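Mapping of the sequence shown onto this note's numbering: residues -8 to 595, in sequence order. Just so you know, even glycine gets a beta-carbon here, dropped at the ideal spot from N, CA and C. Owing to the predicted nature of the structure, the values given are computational and were not obtained by experimental measurement. Below: one structure, written as structure tokens.
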Amino acid sequence: MCGIIGYVGKRKALPILLQGLKRLEYRGYDSAGVALLERGGICVVRRAGKIALLEEELSGKTFEAFCGIGHTRWATHGIPADHNAHPHTDCRKTLALVHNGIIENYRALREKLLSEGHRFFSETDSEVIAHLLEGSGPPLKRILHVLPLLEGSYALCILFADEPGVLYGVRRFSPLILGVGEGEHFLASDVPAFLEHTRHAVFLEDGEIVRVSHDGWEVFSEEGERQEKTVTVVPWDPVSAERGGFKHFMLKEIHEEPRVFEDTIAGRVNLARGEVTFEELEDFSGEYNRVVVVACGTACHAGMLGKMYLEDFVRIPVDVEYASEFRYRDPLVGEKTLVVAISQSGETADTLRAVELARKKGAQVLAVCNVLGSSLTRLAHWTVYTRAGLEIGVASTKAFLAQMTVLLLFALFWGRKRGTVSPETLASVLFEIPTIPRKLHALLAKENDVHALAKEFYLFKDFLYLGRGLYYPLALEGALKLKEISYIHAEGLAAGEMKHGPIALIEPDVASFVLVGQGERRLKVLGNIEEIKARRGKVIALCDEGDVEVLEKADYTLEIPKTLEPCSPLLAIVPLQLFAYYVALEKGCDVDQPRNLAKSVTVE
Ligand code: AGP
């Protein structure tokens, strides 16, 4: 995790670095720092805590530098403290660097450097790189010499005192993007860091090194050979990186869901022809005998729902695995397996490693991803973009809605191709799809009801989220949202499993959020509500509009507009996300930057 930024150009570097760091703060916020190349040499300012504290530290000081680097940290090695904050320098301060990733062999390197007389100022793994780079000779040569010594993952941004006006960036298993401006260049972990200045980006590959000055840039391989790169124009507009009147990014992003849904289906759903198409999948044969979904966190919950869609519509067996488990097994995948990798960021280390393993074993990989040009999209055979736009809130919301939407459409598309979905079945879903944005708006219009409910429940210490069928992954997601932003213990359960153990937890101060659903499972879930009530547990039920029986049985209800069953998760997710948001708000939690979390988990 961690966010890194570098700037070289004709403007003063510090304000640009600080602004960029704020855009990257979602990647970590334990400490922050900058290094600037001033007339007198390299000047480093760093501070434990959020970027606002670093700004405080810097206030009143004047910096003239046109070239600098910055970092916002999510601690891995060494506690969050001033001395562990980046940038790090060598003993003589001839260079400064910022690092995102983990140097796995840093202990051995540190021991060796200590025995050679180097003095260390931090407990971080990153500092060894600064000491290894110390020396004389052209900086590029030194970098090429040091890289083979490093094991692990790294994106680096380095400035050398003896090559003023030049920055170096290095990438291996951690993201690094070059922003190409007019008379200025940027290096950053993610595009929003420089989006206000340029939409022209060069996505670096693993093993590449970039040398940038104000008027040019060159990319080299680890062998020092020049590489040809293309400049991509990023479609996001800078306004999407603003909160736009909302108190938090999370709330703004929930409110964007009707539009996200429309963007995600655009050009893919053709009502007149009764078709679902993906132009990205023109050469997708669908000739597989098994699907394995790999993903983490929220994306994995979307994958669990995707399993149900694929098994229902394509009649193909699907396994869903946490990428972090898959990658450390010897999984049974091969040429006849389609691996579907789901990720908002496309930079989650576990998911990337799982995909690499699957590819090694001969599987073909379809990525469902939100970030254009991210590492995952470059590893996959096909990418279907979720088109949710920039998601900044650490708790993923609109990206989840877009993932569910893509998976539903993909299952219908593949099912038609395979002949397992009839034109009538497809038509029934397709006719429902245009109603979804209106229904999402209707749910958002009832936001105050959810807020009122959150006021009743924010002091509860334990929540169970229960659901069956399509609502089981939603129960897991509802619980994850609540725990990650409000720090309340919440467990998602398949409702039928309750009687096999978790029912022992029920007592008056345990809240159960029961997702009622449709079809034959509805009655079973009503039974679950009875069981909880009989043990004096509190029940919030989410059900279809006008379900009188649920209204009578539950203590509180949230209703969703009626829809076809496969579309119901697309609606039910909204009250779950809003509930988590308002509980966290009532508790006074930092919704967009919850403690201990980072948005992109680029370490294992
Ligand atoms: C969701 O709210 C999370 N913060 C987290 O679980 C996230 O979904 C997970 O880390 C996967 O991220 P990705 O989609 O970017 O791969």
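- Please work out which residues of its chain come closer than 6 angstroms, Cβ to Cβ, to L431, disregarding the five sequence neighbours upstream and downstream, and give them in chain order. Result list for L431: E248 and P249, in chain order.
- Residue nearest to V441 in terms of C-alpha spacing, selected from Y573, T368, A495 and L506: In terms of CA proximity to V441, Y573 leads the group Y573, T368, A495 and L506.
- Query: Hey, how far is the Cα of K408 from the Cα of L398?
  - Reply: In this structure, the CA atom of K408 is about 15 angstroms from the CA atom of L398.
- So what's F448 in DSSP terms, helix, strand or just coil? F448: helix per DSSP, three-state reduction.
- According to the Cβ coordinates, are D21 and A66 closer than 7 angstroms? The beta carbons of D21 and A66 sit closer together than 7 angstroms.
- Task: Taking all protein chains shown into account, decide if I93 is buried (16 or more other Cβ within 10 angstroms of its Cβ) or exposed.
- Result: So I93 counts as buried.
- Who are I60's beta bridge partners in DSSP? Secondary-structure assignment with DSSP links I60 through a beta bridge to G(-3) and A26.
- Query: What distance in whole Å lies between the Cβ atoms of Y159 and P130, which are believed to be in contact at a cut-off of 8 angstroms?
  - Reply: P130 to Y159, Cβ: 6 angstroms. Contact.
- Any heavy atom of ligand 1 within less than 5 angstroms of residue CB: hits in chain order: The chain-ordered list of residues whose CB is nearer than 5 angstroms to some heavy atom of ligand 1 reads C287, G288, T289, A290, S334, Q335, S336, T339, A386, S387 and V592.
- Message: If you follow the alpha helix (DSSP H) that T416 is in, where does it begin and where does it stop?
- Response: Where T416 is concerned, the enclosing alpha helix (DSSP H) stretches over P414 to E423.
- Task: Please name the residue in L421, F404, Y279 and E382 whose C-alpha comes closest to that of V375.
- Result: Of the residues L421, F404, Y279 and E382, the one whose Cα lies closest to the Cα of V375 is F404.
- Query: Exposed or buried, which one is N439 when buried takes at least 16 other CB atoms within 10 Å?
  - Reply: For N439, the number of other beta carbons within 10 angstroms of its own is below 16, and it is reported as exposed.
- Message: Going by C-alpha to C-alpha distance, which of P322, V282, L296 and E338 sits closest to V330?
- Response: Ranking the options by Cα distance to V330, first place goes to V282.
- Message: Below 8 angstroms on the Cβ atoms is my contact criterion, and I expect A485 with R459 to pass it. Report the Cβ-Cβ distance as a whole number of Å.
- Response: With 8 angstroms as the limit, A485 and R459 qualify as a contact, their Cβ atoms being about 6 angstroms apart.
- Roughly how many angstroms separate the alpha carbons of T289 and I245, rounded to a whole number? Cα-Cα distance, rounded: 15 angstroms.
- Item | Classification of S127 by the beta-carbon crowding that lies within 10 angstroms, buried from 16 upward | Exposed, since its Cβ has fewer than 16 Cβ neighbours within 10 Å.
- Query: What's the C-alpha gap between F211 and S106?
  - Reply: Within the model, the alpha-carbon separation for F211 versus S106 is close to 32 angstroms.
- Query: DSSP on T223, reduced to helix/strand/coil?
  - Reply: Here T223 sits in strand by DSSP.
- Item | Closest Cα partner of K243 within the set N587, L381 and I551 | Here the closest residue by C-alpha is L381.
- Any idea what DSSP makes of G11, helix, strand or coil? In the structure shown, G11 sits in a helix (DSSP, three-state: H, G or I).
- Query: Touching or not, the segment -7 to 0 and the segment 547 to 566, by the rule of three or more beta carbon pairs under 8 angstroms?
  - Reply: Contact check between the segment -7 to 0 and the segment 547 to 566: fewer than three CB pairs, one atom from each, fall below 8 angstroms, which does not count as touching.
- Look at the alpha carbon of K472 and the alpha carbon of F240, and state the distance between them as a whole number of angstroms. Roughly 14 angstroms between the two C-alpha positions.
- Query: Does the segment 306 to 324 touch the segment 260 to 274, meaning 3 or more C-beta pairs lie closer than 8 angstroms?
  - Reply: No, they do not touch.
- Task: Quick one: using the 10 Å Cβ neighbour count with 16 as the cut-off for buried, is Y639 buried or exposed?
- Result: Residue 639 lies beyond the range of the chain shown here (-8 to 595); nothing can be said about it.
- Task: Classify A388 as buried or exposed, calling it buried when 16 or more other Cβ atoms lie within 10 Å of its own Cβ.
- Result: Looking at the sequence itself, residue 388 is Thr, so the reference to Ala does not match. Taking a 10 Å sphere around the C-beta of T388, we find 16 or more other C-beta atoms and assign the residue as buried.
- Query: Which residues bound the alpha helix (DSSP H) around G288?
  - Reply: Start and end: G288 to F304.
- Alpha-carbon spacing of L465 relative to L450, whole angstroms: Cα atoms of L465 and L450: separation of roughly 23 angstroms, rounded to the nearest angstrom.
- Whole-Å CB distance - L27 paired with A43, under 8 angstroms assumed: With 8 angstroms as the limit, L27 and A43 do not qualify as a contact, their Cβ atoms being about 19 angstroms apart.
- Any heavy atom of ligand 3 closer than 6 angstroms to the CB of G126? Among the ligands in the structure shown, ligand 3 does not appear; only ligand 1 can be found there.
- Pair every Cβ in the segment 333 to 341 with every Cβ in the segment 284 to 300, then say whether three or more of these pairs are closer than 8 angstroms. Here the segment 333 to 341 makes contact with the segment 284 to 300; the two share three or more CB pairs at distances below 8 angstroms.
- Query: Taking the alpha-carbon positions, what's the V224 to V193 distance?
  - Reply: When only Cα atoms are considered, V224 and V193 end up about 9 angstroms apart.
- Query: When DSSP labels each residue in this structure, what does K84 get in the three-state scheme?
  - Reply: If DSSP states are grouped into helix, strand and coil, K84 belongs with coil.
- Q10 to L576, Cα distance in whole Å? If you take the alpha carbons of Q10 and L576, they lie about 26 angstroms apart.
- Could you spell out where the beta strand (DSSP E) holding S503 opens and where it closes? Where S503 is concerned, the enclosing beta strand (DSSP E) starts and stops at V501 to L506.
- Task: Return the chain-ordered list of same chain residues with a C-beta closer than 7 angstroms to the C-beta of K446, the five sequence neighbours on each side being excluded.
- Result: Beyond the five residues adjoining it in sequence on each side, K446 comes within less than 7 angstroms, by CB distance, of E577 in the same chain, given in chain order.
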